[in-house]
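**Q** Structure incoming, see below.
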Amino acid sequence: MIRKEPSDVILKKSILISFSTVLIALGITLFLQSRLGSDPITVWIDGLRLSLALPMGTASLYNNLVMLALAILFARKYIHIGTVIGAVVTGPLMNLFDPVILKIFGADPRLGTRIGMMLLGQVVLCYAIALNLSVKFGFGTVDSLLVRLCEKFRLKYKVIKMLSDLIYTIAGILLGGVFGFGSVISVLTGGPLIAWFMEKFTEPMAHQLHLNENPIREE
504 MIRKEPSDVI LKKSILISFS TVLIALGITL FLQSRLGSDP ITVWIDGLRL SLALPMGTAS
564 LYNNLVMLAL AILFARKYIH IGTVIGAVVT GPLMNLFDPV ILKIFGADPR LGTRIGMMLL
624 GQVVLCYAIA LNLSVKFGFG TVDSLLVRLC EKFRLKYKVI KMLSDLIYTI AGILLGGVFG
684 FGSVISVLTG GPLIAWFMEK FTEPMAHQLH LNENPIREE
């Protein structure tokens, strides 16, 4: 159910969700262009693409539709405007960032540069997800389900996130998805980084802006 909120709160949330979506697209693009592996969900989608002989975009669309259906069934209260913004805008933004990053770093950057791109992409992506979770204006479909599991089983988000990343990565590898050093870094640091950003930055910011009625706690 969509809550009625004051117009100034809706405006603040819309701006922050739009900003987090831009950061998500930037983080994923940096990660992919480092060519050191993919984040867990991308490893899974790549494996799905190969096993079903589909274009990457079509495999991603099928995955998103299935996850959206599950989120509507089991985590409907987390589906909001931000979910739609993320689903519609992230892909085009990645297409915009792709040539820009290519121009900045070149077509064949050195290994040290690629590692830096991967690490920067991971940090940016994790901060963006933390911001998205703290604003509570519609989580991504996967995060909606993860937060629902946190509530139901009283588990920390970072634990559920790491388990989810591990499952996505293993399933993607078994289907032939691209896997590399960056994939390992993403699995090991994704949950803890998001939790740390939420505790230190995004939850306090949301509180100061009077946005978070029920913050997600990390004990």
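In terms of the numbering used here, the sequence shown opens at residue 504 and continues consecutively.
By construction, the Cβ of each residue, glycine as well, lies at the ideal position given by its N, Cα and C atoms.
1. For the region 536-603, list the alpha helix (DSSP H) runs that are entirely contained and at least 4 residues long, ordered along the chain.
2. Indicate the three-state DSSP secondary structure (helix, strand or coil) for F642 in the structure shown.
3. Between the C-alpha atoms of R538 and R617, what's the straight-line distance to the nearest angstrom?
4. I'd like to check one pair, Y581 with S517: are the Cβ atoms closer than 9 Å?
5. Enumerate, from N- to C-terminal direction, the unbroken alpha helix (DSSP H) stretches of 4 or more residues contained entirely within the region 648-704.
6. Throw me the rounded Cβ distance for the I663 and L652 pair, which I believe falls under 8 Å.
7. Between A556, M621, A590, which has its C-alpha nearest V569's C-alpha?
8. Is F534 near L614, with beta carbons less than 9 Å apart?
9. Less than 8 Å between the CB atoms is what I'm expecting for G679 and G540, so what's the real figure, rounded?
10. Nearest CA to the CA of M621: which residue from E508, K515, G530, P695?
11. Among the residues of its own chain, which have a CB less than 6 Å from the CB of M665, if the five just before and after it don't count?
12. Pick out whichever of G624, S667, F656, D601 has its Cα sitting closest to the Cα of V645.
**A** According to the data block:
1. Correct list: 543-555, 559-577.
2. The residue you call residue 642 lines up with position 139 of the sequence shown. Note: F642 maps to coil in three-state DSSP.
3. By 1-based counting over the sequence shown, the position of residue 538 is 35. By 1-based counting over the sequence shown, the position of residue 617 is 114. In a straight line, the C-alpha of R538 is about 7 Å away from that of R617.
4. Numbered from its first residue, the sequence shown carries residue 517 at position 14. Numbered from its first residue, the sequence shown carries residue 581 at position 78. Y581 is positioned such that its CB atom lies no closer than 9 Å to that of S517.
5. 660-677, 684-700
6. Here residue 663 refers to the residue found at position 160 of the sequence shown. Here residue 652 refers to the residue found at position 149 of the sequence shown. Right, the Cβ-Cβ distance comes to about 5 Å (below 8 Å), so this counts as a contact.
7. If you number the sequence shown from 1, residue 569 lands on position 66. Among A556, M621, A590, the Cα nearest to that of V569 is on A590.
8. Here residue 534 corresponds to residue number 31 of the sequence shown, with the count starting at 1. Here residue 614 corresponds to residue number 111 of the sequence shown, with the count starting at 1. Result no, Cβ atoms of F534 and L614 do not sit closer than 9 Å.
9. Walking along the sequence shown from the start, residue 679 turns up at place 176. Walking along the sequence shown from the start, residue 540 turns up at place 37. Actually they are not in contact, since the Cβ atoms of G679 and G540 sit about 14 Å apart, beyond 8 Å.
10. As a first step, residue 621 is located in the sequence shown; it is residue number 118 there, counting from the start. When each option's Cα is compared against that of M621, the closest is G530.
11. Counted from its first residue, the sequence shown places residue 665 at position 162. Cβ within range, chain order: G694.
12. Along the sequence shown, one-based indexing puts residue 645 at 142. The option with the nearest alpha carbon to V645 is S667.
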